[in-house]
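If you read the sequence shown in our numbering, its first letter stands for residue 20, the second for the next number, and so on. Note that beta-carbon positions come from the ideal geometry of N, C-alpha and C, so glycine has one too.
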Amino acid sequence: MPRKLLLCLALTAALTACKGEDTAPAATAPAADANAATAPASTHTFSPEINAADFAELVKTLASDEFEGRAPGSKGEELTVNYIRDQMQRIGLQPGNGDSWFQDVAMTETTADETTSLKIDQAGKASELKFGTDMVVGTRTGQTEVKVDGSDIVFVGYGVDAPEQQWNDYAGQDWKGKTVVMFVNDPGFHVDDAKLFDGKRMTYYGRWTYKFEEAARKGAAAALIVHDTAGASYGWDVVKNSWAGPQYDLPAKNDPEPRLPVQGWLSADAAKALFAGAGLDLAQAYKDANKRGFKPVPLNAKLSVDLKSTTAEKTSRNVVGVLPGSSRADEAVLYMAHWDHLGKHEGEADDNIYNGAVDNATGVAGILEVADAMMHQDPKPARSAVFLAVTLEESGLLGSKYYVAHPTFPLDKIAGVINIDAMSVAGRAKDMTVTGFGSSELEDILKPLAAAQGRTLHGESAVQSGFYFRSDHFNFAKAGVPALYADGGEDLLEGGVEAGRKAGEDYGRNRYHGPKDEFDAATWKLDGTIEDLQLLHGVGKELAAGDRWPNWYEGNPFKAARDEMMKGKAAPATK
Numbered sequence: 020m021p022r023k024l025l026l027c028l029a030l031t032a033a034l035t036a037c038k039g040e041d042t043a044p045a046a047t048a049p050a051a052d053a054n055a056a057t058a059p060a061s062t063h064t065f066s067p068e069i070n071a072a073d074f075a076e077l078v079k080t081l082a083s084d085e086f087e088g089r090a091p092g093s094k095g096e097e098l099t100v101n102y103i104r105d106q107m108q109r110i111g112l113q114p115g116n117g118d119s120w121f122q123d124v125a126m127t128e129t130t131a132d133e134t135t136s137l138k139i140d141q142a143g144k145a146s147e148l149k150f151g152t153d154m155v156v157g158t159r160t161g162q163t164e165v166k167v168d169g170s171d172i173v174f175v176g177y178g179v180d181a182p183e184q185q186w187n188d189y190a191g192q193d194w195k196g197k198t199v200v201m202f203v204n205d206p207g208f209h210v211d212d213a214k215l216f217d218g219k220r221m222t223y224y225g226r227w228t229y230k231f232e233e234a235a236r237k238g239a240a241a242a243l244i245v246h247d248t249a250g251a252s253y254g255w256d257v258v259k260n261s262w263a264g265p266q267y268d269l270p271a272k273n274d275p276e277p278r279l280p281v282q283g284w285l286s287a288d289a290a291k292a293l294f295a296g297a298g299l300d301l302a303q304a305y306k307d308a309n310k311r312g313f314k315p316v317p318l319n320a321k322l323s324v325d326l327k328s329t330t331a332e333k334t335s336r337n338v339v340g341v342l343p344g345s346s347r348a349d350e351a352v353l354y355m356a357h358w359d360h361l362g363k364h365e366g367e368a369d370d371n372i373y374n375g376a377v378d379n380a381t382g383v384a385g386i387l388e389v390a391d392a393m394m395h396q397d398p399k400p401a402r403s404a405v406f407l408a409v410t411l412e413e414s415g416l417l418g419s420k421y422y423v424a425h426p427t428f429p430l431d432k433i434a435g436v437i438n439i440d441a442m443s444v445a446g447r448a449k450d451m452t453v454t455g456f457g458s459s460e461l462e463d464i465l466k467p468l469a470a471a472q473g474r475t476l477h478g479e480s481a482v483q484s485g486f487y488f489r490s491d492h493f494n495f496a497k498a499g500v501p502a503l504y505a506d507g508g509e510d511l512l513e514g515g516v517e518a519g520r521k522a523g524e525d526y527g528r529n530r531y532h533g534p535k536d537e538f539d540a541a542t543w544k545l546d547g548t549i550e551d552l553q554l555l556h557g558v559g560k561e562l563a564a565g566d567r568w569p570n571w572y573e574g575n576p577f578k579a580a581r582d583e584m585m586k587g588k589a590a591p592a593t594k
C-alpha cells in the first residue's frame, strides 16, 4: 500500500508499504481446492481488450463485503485466491508454480498483549508507558513471552550505519542487551540539510524496517523509534492501529536474519518525557543527531518489559499464472500486485470490513486485464509473461519476499518487473508518476508510450516518504531485478494539479486503509485508470516481444546485484 491515488500516499501514507505495512486479523485458511468457497457466479461477459467495464467488475468482486477485506488466512483469502485463479483460468493462463496456481507462504502470526507496559527506571524514578497511548511494541521472535530486564536505554540518533555515507550512529560501543532509541527518516531530514544522505529523498536507511534490522544486527535487546508525523509521513493513529492485533512474519527458519526480541515506537510526548528525565531537550536532540560525528547518548534509564503474545503458525498463498512465450519461454516479464488487505475488524461499530478497493483490488484487476490483453494479442509474446498476485504486503512485503527467495522463474531470466499497487481512479491526467523516478531503463520503454498519450513522466512528490521501499517490487529490486512502479498522475485533465491534490487528500483522509475504501461506480473515473493500464501493458508487451535486458541506471544501488547476476548471460540493453 502502497499506492497512489494521485498524491494519497504522499499525504497520508501508512506503515507499509502500502505502507504499506499494516497487519490484518486472520485465521487459518483451509487449503484451496475444487470444493473450496468461490465467489458468486457473475453474468458479466469479459472482453479481451483492457476496458473499464471488465476492470470495474473485477474490482467490485474483490472489494465486496463477501470477501471480508481479503485478510491473509481468513475466509476472505480463500475466496480471493480462488477467484484470482478462476480468472486466470478464464483468460487461458497456465499454472505458474509447476502444476499449481498457488505458492504456499508460511507465516508466523503474533498478537501482542495490549495490556503490556514498558517500565522505565530513570534516576530512581519509576514510570510506565502504556500500549497504544505512549508506545506500541511487538516481537518478531515467534515466542509467546519475551522479557527484558533492566536494559540500559541509549539514544542512537537515526540508528544508521552507512559506510558509504561515512555515518555510523553505533560506532564504538557494544550494543548487546541494550535498548536503543532513534529517530525515523534519514540524517538531514529534520534540519533540512540537503548535503546529508539524499537530501529530502528518503533512502532505505530512513525506513523503520531498516532501523529495526540494523539494531538486531548490532545485538540490541530492544529498539524504539520516536514518532513524528513529518518524518514518518503518517500520524500516531496509523502507528497505533498498525501494531494492534495480529502481526505477521515469515518463520525464522525461512528468514534467518537477526531479529529483535522487542521492537516498537514511542509517541512524541513519551519521548519528550524520556529525554527530559535525562536532562535533555528533544528538540535539541534532533539538531545534535544531524551532525557528523554524533555520538550515542545514554539516557540514564533502564527499560524492563514482560511482553506476552499469542502465536500461531499459518499459511497464506501467492497466486501465479503464466502465459508461455512463443520462442523464448525460459525468459519472462513479470507483472505483480498484492491481493491482501486489512480484513474484518471484529468489535468495531458500524462498518468493520476494510474492503481495500483502491488498495489493492485495483492492482489485481490491473494485472488480470493485462493478462487478458497479452493472451489475445497477435503475435503472441516471444518471452513468457508471469502474473503474480502476492499475499502479506500489508504485513511487510512478505509474499513477494518469499517469491524472490523461491522464484518460479530464475531471477536472471526475468527481464523486468511491473508492479501495480493502488491505481488512480480520479480521471485522466497529463502526467504519470513513477515512484523512484530515474531508477531503471524500464523508464526508457515507458517514456515514449506515455508521450504518445500526451503525457510526461515525473517522480513522486513526497520523496521524503520512501514510497519506493514500501511496495512489493522492492524485494525484486534488492535482488537486482529491474522493477517499475508507476501509475496515475497529479495534473488532471479536468481541474489540473489542484483537483488532483484534492482527490488525493480526500482519499487519504477518508478512505485509505479504512472501511470506506470501497468500489464506487458513481465517483470513480476509470478513463484515466484504463490509460494507465494501457501504458503498463505497453511496457510489458514491448519487453516480452524483444530481446532487450533493461538494467538499472548508473549510480543506482541495485545495479551491482544485477550486473553480477547477468554476467555472461544477456546482451546489453538495446535503445
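*Using the Cα positions of D212 and A287, report the straight-line distance between them to the nearest angstrom.*
Their Cα atoms are separated by approximately 22 Å.
*Would you mind sorting D153 into buried or exposed? The rule is 16 or more other CB atoms within 10 Å of its CB.*
Its Cβ being crowded by 16 or more others within 10 Å, D153 is buried.
_Three-state class that DSSP yields for Q162 in the structure shown_ = Looking at Q162 - three-state DSSP - the assignment turns out to be coil, as it is neither helix nor strand.
_Rounded separation between T198 and A242 - CA only_ = Rounded to the nearest angstrom, the two C-alpha atoms are 6 Å apart.
_Cβ contact (3+ pairs, closer than 8 Å) linking the region 278-295 and the region 355-364_ = Not touching, per the Cβ criterion.
*Does the Cβ-Cβ distance between G128 and Y267 come in under 8 Å?*
Looking at the sequence shown, residue 128 is not Gly but Glu. Contact annotation: E128 and Y267 have beta-carbon atoms nearer than 8 Å.
*asked:* I'd like the list of long-range same chain contacts for F577, defined as Cβ closer than 6 Å, with 5 residues on each side in sequence excluded.
replied: Here the set comprises A496, G499, W571.
*Mind listing, in chain order, the continuous beta strand (DSSP E) runs of no fewer than 3 residues lying wholly within the region 252-309?*
Listed in chain order, they are 266-268, 281-285.
*With DSSP collapsed to three states, give me the class of R581.*
DSSP places R581 in helix when its eight states are reduced to three.
*Kindly provide the ranges of any alpha helix (DSSP H) runs that are 4 or more residues long and lie completely inside the region 160-241, ordered along the chain.*
With a minimum length of 4 residues, the continuous alpha helix (DSSP H) runs that stay inside the region 160-241 are 227-237.
*asked:* Would I103 pass as an interface residue toward chain D - the criterion being a Cβ-Cβ separation below 8 Å?
replied: Of the protein chains in this structure there is only one, and it is not chain D.
*At least three beta-carbon pairs within less than 8 Å, the region 138-157 to the region 416-426*: Cβ pair count under 8 Å is below three, so no.
_So, at 6 Å on beta carbons, what are the nonlocal neighbours of A71 in its own chain, with the 5 sequence-adjacent residues on each side left out?_
So the list reads L545, I549, once near-sequence residues are dropped.
*Helix, strand or coil: how does DSSP classify E550 here?*
It is helical.
_Give me the DSSP bridge partner(s) of H364._
Partner(s): none; H364 has no beta bridge.
*To which residues does DSSP link W357 through a beta bridge?*
Here residue 357 turns out to be His, not Trp, going by the sequence shown. According to DSSP, H357 bridges with V409.
_Three-state secondary structure assigned by DSSP to F456_ = Reduced to three states, the DSSP call for F456 is coil.
*So what's L342 in DSSP terms, helix, strand or just coil?*
The three-state secondary structure of L342, taken from DSSP, is strand.
*asked:* Quick check on H477: does DSSP put it in helix, strand or coil?
replied: The answer is strand: DSSP assigns H477 an E or B state.
_Between the alpha carbons of G238 and L269, how many angstroms are there, rounded?_
Straight-line Cα distance between these residues: approximately 20 Å.
*Is there contact here, the region 340-353 with the region 397-411, by at least three beta-carbon pairs under 8 Å?*
As far as the Cβ criterion goes, the region 340-353 touches the region 397-411, which means the pair count is three or higher.
*Output the distance between the C-alpha atoms of V436 and M107, rounded to the nearest integer angstrom.*
Distance between the alpha carbons of V436 and M107: 19 Å.
*asked:* The alpha helix (DSSP H) that contains Q141, what's its start and end?
replied: Residue range 136-141 is occupied by the beta strand (DSSP E) that includes Q141, with no alpha helix (DSSP H) assigned at that position.
*What's the C-alpha gap between H395 and L468?*
Using only the alpha carbons, I get a separation of about 20 Å.
*Distance, Cα to Cα, D84 vs G515?*
Straight-line Cα distance between these residues: approximately 34 Å.
*Taking all protein chains shown into account, decide if T42 is buried (16 or more other Cβ within 10 angstroms of its Cβ) or exposed.*
Unreliable positioning characterises T42 in this predicted model, as indicated by a pLDDT of 37, which lies under 50. The coordinate reading is nonetheless provided below. Burial call: buried.
*Opposing strand residues paired with E147 [DSSP bridges]*: Residue pairing by DSSP puts E147 in a beta bridge opposite K138.
*What's the C-alpha gap between E537 and Y102?*
Cα-Cα distance, rounded: 18 Å.
*Is I110 helix, strand or coil by DSSP?*
I110 falls in the helix class under three-state DSSP.
_DSSP three-state assignment for M126, whether helix, strand or coil_ = In this structure, M126 counts as strand in the three-state DSSP scheme.
*asked:* Along the chain, where does the beta strand (DSSP E) containing I386 start, and where does it finish?
replied: Not the beta strand (DSSP E): I386 falls in the alpha helix (DSSP H), residues 381-394.
_Do V453 and G115 have their beta-carbon atoms positioned less than 8 Å apart in this structure?_
No, the Cβ-Cβ distance between G115 and V453 is not below 8 Å.
*Given a threshold of 16 other Cβ atoms within 10 Å of its Cβ, counted over all protein chains shown, does T135 qualify as buried or as exposed?*
Buried is the call here.
_If I measure Cβ to Cβ from R226 and keep anything under 7 Å in the same chain, skipping five residues before and after, which residues do I get?_
Excluding positions up to five away in sequence, the list reads G485, F488.
*Inter-residue spacing [alpha-carbon to alpha-carbon] between M201 and G415*: One C-alpha to the other measures close to 20 Å.
*Roughly how far, in whole angstroms, is the beta-carbon of T334 from the beta-carbon of V124, given that I think they are within contact range, below 8 Å?*
Correct: roughly 7 Å between the Cβ atoms.
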